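A.B. asks:
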Amino acid sequence: MSDVPFDATRADSAPTTTEATENQSNGSGSWLQQWRPGVGASDEPTADPDTPFPSPAPPQQGAAPPRPRVHETNGAATNVYGGADVVANVVEQLILETRKRDLLEGVEQDREQLLSQPFACSAHWKSVWDQIIDPATSRPRRPVTIIVAPRSFGSTTLALRLLAEHTAGHTTVVKLDADWQTPSKGRLPLERAHAYQLDLKHPENDQVSADFLNALSEHASHLRDCRSSLVLTVAKALWKDHRLGDRDGILVVHVLEAPDAQEVVKAHLDAYGYGQLATSMRSFPKATACLSGLTAVAAVRAAHTAAVAWKEHRHASPSPSPGKTDGEEAADLEDRIIAALTDWRGELDGLFGEVNSLHTHDNPSLPVEDRCLLLALAVQQSAPMPVIARNAAALLNAIGDTTDASGGASGFSPPLSALAGRGMRRRVQDVGGRVDMQDTVVFDRQAYGRAVLEYVWDNYDVLREPLLTWLVATAQSTDPEDHAVAALAELTVRHGTVDYLTTLGELAGGNQPKVLGAVMESAVRNEHIGRLAWAALYGWAEQKNYAPAVIALCRSILEDTSAAPSLAKRAMVRLRRVAHKNTDASVISQVQAAFDALAQHPTVAQRLVGEVQSWQQGKGSSARSGALAFLALMTVRRDGTPWLVRTPPATIEVQQAVHSLLSSSDTAAEVSSRLTVWIRSCAGDPRAYSQLREQLLPALRGHNMFEAGMKLMNGLRGISTAEGVSVADDFYNHLVDPRVRSVFPLEESLA
28 MSDVPFDATR ADSAPTTTEA TENQSNGSGS WLQQWRPGVG ASDEPTADPD
78 TPFPSPAPPQ QGAAPPRPRV HETNGAATNV YGGADVVANV VEQLILETRK
128 RDLLEGVEQD REQLLSQPFA CSAHWKSVWD QIIDPATSRP RRPVTIIVAP
178 RSFGSTTLAL RLLAEHTAGH TTVVKLDADW QTPSKGRLPL ERAHAYQLDL
228 KHPENDQVSA DFLNALSEHA SHLRDCRSSL VLTVAKALWK DHRLGDRDGI
278 LVVHVLEAPD AQEVVKAHLD AYGYGQLATS MRSFPKATAC LSGLTAVAAV
328 RAAHTAAVAW KEHRHASPSP SPGKTDGEEA ADLEDRIIAA LTDWRGELDG
378 LFGEVNSLHT HDNPSLPVED RCLLLALAVQ QSAPMPVIAR NAAALLNAIG
428 DTTDASGGAS GFSPPLSALA GRGMRRRVQD VGGRVDMQDT VVFDRQAYGR
478 AVLEYVWDNY DVLREPLLTW LVATAQSTDP EDHAVAALAE LTVRHGTVDY
528 LTTLGELAGG NQPKVLGAVM ESAVRNEHIG RLAWAALYGW AEQKNYAPAV
578 IALCRSILED TSAAPSLAKR AMVRLRRVAH KNTDASVISQ VQAAFDALAQ
628 HPTVAQRLVG EVQSWQQGKG SSARSGALAF LALMTVRRDG TPWLVRTPPA
678 TIEVQQAVHS LLSSSDTAAE VSSRLTVWIR SCAGDPRAYS QLREQLLPAL
728 RGHNMFEAGM KLMNGLRGIS TAEGVSVADD FYNHLVDPRV RSVFPLEESL
778 A
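Numbering-wise (our numbering), the sequence shown opens with residue 28 and increments by one.
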């Protein structure tokens with residue numbers, strides 16, 4: 028909608044040149060361009076779909092301007108002036124009369140990079156590929172292709188690879204982010220020569236309906252006219268309705284098998300410089316057997332695990348060991364690879380069998396306290412023995428009565444029961460660890476430790492909440508390398524359902540908000556559970572206990588220059604929500620501190636400018652965040668002077684913002700402090716000081732500004748201009764009418 032008020036006297040007049048130019052863009056890449064006479068529609072038989080849209084011929088010298096072609100709608104009647112071919116033959120130029128501003132955002136993909144990424148195409152994938160691609164044109168058969176596949180089967184990789192190989196070279200490939208509450212055709216962008224890919228995998232927000240497919244069929248015709256395409260990858264669990272199927276312009280295909288895991292591992296190892304490892308693994312039957320049946324996502328993780336094991340082997344044996352043959356070296360590598368890739372379920376079934384009161388070597392089942400010890404080792408890997416003992420005891424205490432669970436004799440005190448049991452060294456050895464001469468426990472079995480965590484999580488539902496509680500309490504820092512944080516992050520990525528995220532938030536939000544933020548950062552960056560994590564953060568943003576975690580995470584995302592625009596946008600939305608929904612002074616102070624730090628990054632500063640603009644346009648949800656954003660922008664300096672003083676953005680009304688902040692008791696003190704910094708930095712430059720003073724004086728006049736002005740002048744005491752004039756006196760003389768100065772003398776007012 029135009030911001031210009033309706034004028035009845037101009038209702039039927041043609042728009043000005045400026046208005047016509049502005050109305051051609053919908054904010055999404057200026058896709059709505061003026062119709063060019065003489066350019067045929069894209070569906071003409073002579074049109075080449077791989078040919079870029081031609082540029083209009085330059086107008087002839089002295090030629091009369093073409094008659095305006097107007098498409099009017101008046102009630103039920105539609106009138107076309109200047110030739111019906113505007114509607115009939117150039118549909119792709121008109122596309123849609125009105126487009127929403129909140130189109131889905133996406134990240135443009137580099138075609139060469141997509142083609143260089145590892146890719147394994149099985150026979151089944153080849154058959155799906157052939158269903159999608161027309162062999163005559165080597166292009167997708169329909170403008171919209173829907174690929175239905177179980178989660179983790181690699182359908183996103185398939186879709187992007189297909190678009191990279193089978194779209195014209197000038198076509199822009201874009202991976203969209205489905206930031207919506209429900210699928211909507213109106214949120215889908217539409218530009219010429221674009222190939223879009225979109226994942227629909229959120230269990231609640233991506234439910235596909237027959238109505239959406241019907242609307243998508245209409246959208247397909249517009250895509251065809253623009254020589255663009257869209258590939259949707261839909262989780263099989265969301266494709267339930269029997270009415271879901273092919274429509275006009277839509278092709279639905281089903282992926283029933285994941286690509287061969289061994290081929291996926293080989294492709295990834297070859298692509299990242301581990302070709303020798305890939306060759307070696309082919310000669311390890313037990314290692315290749317561990318890959319059988321893995322999904323595409325699990326296979327990629329296995330390739331990474333094998334590469335880590337390879338580097339550990341090379342680090343441990345940088346050169347052939349004396350006395351070891353090549354066969355023995357290969358056997359050592361094979362053992363390490365097998366240990367890294369196996370799921371250990373068979374061995375763990377034995378260790379977690381029936382509980383014995385006493386541990387015996389002929390029955391490998393562990394007592395419950397040893398199971399706690401094994402979990403402590405799985406998380407910590409290597410640590411001093413007292414630390415391992417305390418962590419194991421803490422877990423045992425978290426899951427039940429230590430006296431009953433310890434297996435001690437009836438009537439024994441806990442210390443006596445502990446003394447009567449096996450020593451810690453023996454227990455460490457029985458669960459697969461070792462103790463060196465300095466009494467440091469060594470558990471160099473990272474893959475095995477991960478398998479233990481997953482086994483316990485999968486088999487003991489009642490232990491999940493205590494396990495999360497223990498891991499949160501065990502974390503020593505928010506560093507992703509911290510063992511407890513890494514374990515939480517892995518569990519979150521693997522089991523990140525709505526219920527899991529809710530439980531994790533309840534356990535960590537109040538006690539360890541920074542740990543929660545660190546874990547959730549890995550979750551929001553994960554393509555499989557990222558949207559679920561963002562949804563949880565949106566709800567947490569309005570709760571005081573969760574605010575520190577949300578603020579820390581969003582700040583980290585916004586400071587990351589490599590983060591996708593969609594991630595930065597979501598982070599900004601949640602920071603705004605924290606400011607809007609919380610009235611606690613400590614939370615507002617944390618948001619202000621985050622904004623102050625973010626304002627120093629030029630890219631994020633522009634987002635803060637947008638917050639200020641929304642606030643000044645009267646958008647309620649941006650009121651407090653806009654005020655905080657303006658305060659943050661007051662700290663930004665360009666060429667040694669305050670940015671908002673020297674060259675403020677055209678979209679910000681500085682005087683209006685200063686006046687609003689000074690007139691509010693919530694922000695008056697803070698803005699006065701920052702204005703004092705402004706004035707102090709400009710006081711030595713007569714020209715800059717004069718310019719700043721003229722900017723501030725109008726903001727300091729008006730209703731309810733007397734007290735704020737006096738407090739500001741109190742803060743200016745001691746600052747002098749280049750001519751030696753007191754800044755406080757200078758502002759007083761400009762602001763206070765001479766007739767009332769005797770009533771409100773400066774000395775008394777500032778006392």
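Even glycine gets a Cβ: it sits at the ideal position worked out from N, Cα and C.
On a predicted model such as this, the values are computed, not experimentally measured, just so you know.
I believe Q656 touches V639 by the beta-carbon criterion, under 8 Å. Please report the beta-carbon distance rounded to the nearest angstrom.
C.D. replies: The sequence given here has Ala at residue 656, not Gln. Sure, about 5 Å apart at Cβ, within 8 Å.
A.B. asks: Comparing alpha-carbon positions, which option in D297, N741, R552 and S747 lies nearest S699?
C.D. replies: Nearest of D297, N741, R552 and S747 to S699, Cα basis: N741.
A.B. asks: Roughly how many angstroms lie between the CA atoms of A579 and L130, to the nearest whole one?
C.D. replies: Distance between the alpha carbons of A579 and L130: 27 Å.
A.B. asks: Can you pull the DSSP bridge partners for P669?
C.D. replies: According to DSSP, P669 bridges with R664.
A.B. asks: When you compare only the Cα positions, how much space is there between T315 and A595?
C.D. replies: Going by the C-alpha atoms only, they are around 41 Å apart.
A.B. asks: Quick check on DSSP: helix, strand or coil for E132?
C.D. replies: DSSP places E132 in coil when its eight states are reduced to three.
A.B. asks: Among residues of its own chain, excluding the 5 on either side of L271, which ones have a beta-carbon nearer than 7 Å to its beta-carbon?
C.D. replies: Result list for L271: V235, A237 and L240, in chain order.
A.B. asks: If you scan the region 214-272 from start to end, which runs of the alpha helix (DSSP H) of 4 or more residues do you find wholly inside it?
C.D. replies: DSSP runs (the alpha helix (DSSP H)) wholly in the region 214-272: 237-252.
A.B. asks: Does the region 214-221 come close enough to the region 608-624 to have 3 or more Cβ pairs within less than 8 Å?
C.D. replies: No, the region 214-221 does not touch the region 608-624.
A.B. asks: Apart from the five residues just before and just after R37, which ones in its own chain have a Cβ nearer than 8 Å to its Cβ?
C.D. replies: Caution applies to R37, whose pLDDT of 37 falls short of 50 and renders its modelled position unreliable; the value that the coordinates give is listed next. Result list for R37: empty, nothing under 8 Å.
A.B. asks: Give the secondary structure of L743 by DSSP, where H, G and I count as helix, E and B as strand, and everything else as coil.
C.D. replies: Residue state, collapsed to three classes: coil.
A.B. asks: Distance check for E135 and G380, CA to CA, integer angstroms please.
C.D. replies: Using only the alpha carbons, I get a separation of about 52 Å.
A.B. asks: Using C-beta distances below 7 Å, list every residue in its chain close to A294, excluding the 5 sequence neighbours before and after it, in chain order.
C.D. replies: These residues qualify, in order along the chain: P145, F146 and A147.
A.B. asks: Compute the beta-carbon to beta-carbon distance between K623 and T668, rounded to the nearest angstrom, for a pair I have assumed lies under 8 Å.
C.D. replies: Note that residue 623 corresponds to Asp in the displayed sequence, not to Lys. Contact doesn't hold; Cβ gap of about 18 Å is too wide.
A.B. asks: Looking only at C-alpha atoms, which of V754, D506, W152 and A329 sits nearest to L739?
C.D. replies: That would be V754, whose Cα lies nearest to the Cα of L739.
A.B. asks: Alpha carbons only, please: which of V171, I415, W207 and L296 is nearest the one belonging to N190?
C.D. replies: Note that residue 190 is Leu in the sequence shown, not Asn. Cα-wise, what sits closest to L190 is V171.
A.B. asks: Buried or exposed for A115, please, with buried defined as at least 16 other CB atoms from any protein chain shown within 10 angstroms of its CB.
C.D. replies: Legend: pLDDT at A115 = 42, less than 50; position of this residue unreliable, no value from coordinates given.
A.B. asks: Okay, do the region 491-502 and the region 510-523 touch, 3+ Cβ pairs below 8 Å being the bar?
C.D. replies: Yes: at least three Cβ pairs fall under 8 Å.
A.B. asks: Rounded to the nearest angstrom, how far is the Cβ of L187 from that of L141, given a contact under 8 Å?
C.D. replies: Confirmed, Cβ separation roughly 6 Å.
A.B. asks: Could you give the residue range of the alpha helix (DSSP H) that holds S593?
C.D. replies: P592 to K608 is the span of the alpha helix (DSSP H), which, as asked, contains S593.
A.B. asks: Which stretch, first to last residue, makes up the beta strand (DSSP E) that contains S692?
C.D. replies: Premise fails: S692 is in no beta strand (DSSP E) and is neither H nor E.
A.B. asks: Taking just the CA atoms, how far does R461 sit from E361?
C.D. replies: Going by the C-alpha atoms only, they are around 22 Å apart.
A.B. asks: Q539: buried (16+ other C-beta within 10 angstroms of its C-beta) or exposed?
C.D. replies: It counts as buried.
A.B. asks: Using only CA atoms, which one of V258, S692, S747 and R521 lies nearest to I174?
C.D. replies: Answer by Cα proximity: V258.
A.B. asks: Identify every residue that forms a DSSP beta bridge with H281.
C.D. replies: V175, per the DSSP bridge assignment.
A.B. asks: Could you check whether the region 518-538 touches the region 401-418, counting it as contact only if at least three pairs of C-beta atoms, one from each stretch, sit closer than 8 Å?
C.D. replies: They do not touch, by the three-pair rule.
A.B. asks: Is it right to say D34 is buried, meaning 16 or more other beta carbons lie within 10 angstroms of its own, or is it exposed?
C.D. replies: With a pLDDT of 39 at D34, under the threshold of 50, the predicted position of this residue should be treated as unreliable, and no value is reported.
A.B. asks: Can you tell me where the beta strand (DSSP E) with V201 in it begins and where it stops?
C.D. replies: Counting along the chain, the beta strand (DSSP E) containing V201 begins and ends at T199 to L203.
A.B. asks: With distances taken from CA atoms, which of V469, G320, D485 and M464 is nearest D376?
C.D. replies: Minimum Cα distance to D376 is reached at D485.
A.B. asks: Hey, out of V201, A323, L393 and M308, whose CA is closest to A222's CA?
C.D. replies: Checking every option, the nearest Cα to that of A222 belongs to V201.
A.B. asks: Could you give the DSSP three-state label for S143: helix, strand or coil?
C.D. replies: It is helical.
A.B. asks: Apart from the five residues just before and just after E374, which ones in its own chain have a Cβ nearer than 7 Å to its Cβ?
C.D. replies: Hits under 7 Å: none found.
A.B. asks: Can you list, in chain order, the residues of its chain with a C-beta nearer than 6 Å to that of R363? Leave out the 5 residues immediately preceding and following it.
C.D. replies: Result list for R363: A336 and H340, in chain order.
A.B. asks: Taking 9 Å as the threshold (C-beta atoms), are Y299 and A333 in contact?
C.D. replies: Going by C-beta atoms, A333 is not nearer than 9 Å to Y299.
A.B. asks: Of the choices V763, L265 and S549, whose alpha-carbon is the least far from that of R780?
C.D. replies: Because the chain in this structure spans residues 28 to 778, residue 780 falls outside the shown range and cannot be described.
A.B. asks: How far does the beta strand (DSSP E) with P411 in it extend, from its first residue to its last?
C.D. replies: P411 -> beta strand (DSSP E) spans S409 to P411.
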